[in-house]
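Following: one structure in structure tokens, then a few remarks.
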Amino acid sequence: MQHLLLGPRGTQGSEGLKGAAGVPGVAGPKGDTGDTSTFGKAMFSSYKTSTGSGGPFTGLITFDNTILGEDLFNKDTGVFTCDISGVYIFFFSGEAEKSTWIGVYLNDDRQLVLYDNASGNTRINLSYTWTLDMVAGDKVHLKMESRKLHVDDSA
């Protein structure tokens with residue numbers, strides 16, 4: 000029998016070439032179909048054509064006409080009531096007089112302010128888009144915080 004003596008360890012060689020890709024694995028089970036039945040179910044559209052006295056107005060923003068979503072939006076109080084939990088997108092535009100602040104309220108807590116910094120005696124278009132994460136039963140309304148919005152009753 001012969002005994003071998005081991006010498007000192009050598010230096011590490013350079014990294015080899017990348018090997019070929021392995022065989023693809025077995026496909027997983029098909030996922031559940033997503034629920035699209037609620038998309039577009041919670042929409043409303045309203046507009047204001049009169050202040051009752053003509054010209055500018057302050058306070059809660061209410062509306063005269065609801066085109067879509069009368070079951071979700073009360074035009075007389077200006078309150079939208081969420082009936083399906085989810086993220087909602089809102090659009091608002093109006094004619095502001097001077098520097099105007101409009102509070103966006105979720106369940107009577109102000110979430111954000113729509114603000115315009117017009118100066119002088121000019122009117123300017125105020126237009127905003129925002130999202131709110133809501134649960135069923137939540138309520139949203141808009142309130143004038145500073146200055147006025149204008150409605151032209153003669154149109």
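At position 93 of the sequence shown (counting the first as 1) the number is 92 in the numbering used here, and the numbers step up by one without a gap.
Even glycine gets a Cβ: it sits at the ideal position worked out from N, Cα and C.
These figures come from a predicted structure and were not determined experimentally.
At the C-beta level, residue 125 and residue 105 stay beyond 8 Å of one another. In this structure, the alpha-carbon of residue 111 lies about 14 Å from that of residue 90. Unbroken beta strand (DSSP E) stretches of 3 residues or longer found wholly inside the segment 57–90: 64–67 and 78–80, given in chain order.
About 18 Å separates the CB atoms of residue 64 and residue 80; that is not less than 8 Å, and the two are not in contact. In this structure residue 144 does not touch residue 93 by the C-beta definition: roughly 14 Å separates them, more than the 8 Å allowed. Following the DSSP letters along the chain, one finds residue 132 inside the beta strand (DSSP E) bounded by residues 122–133. A straight line joining the alpha-carbon of residue 28 with that of residue 18 spans about 29 Å. Note: residue 92 is bridge-paired with 126 in the DSSP secondary-structure output.
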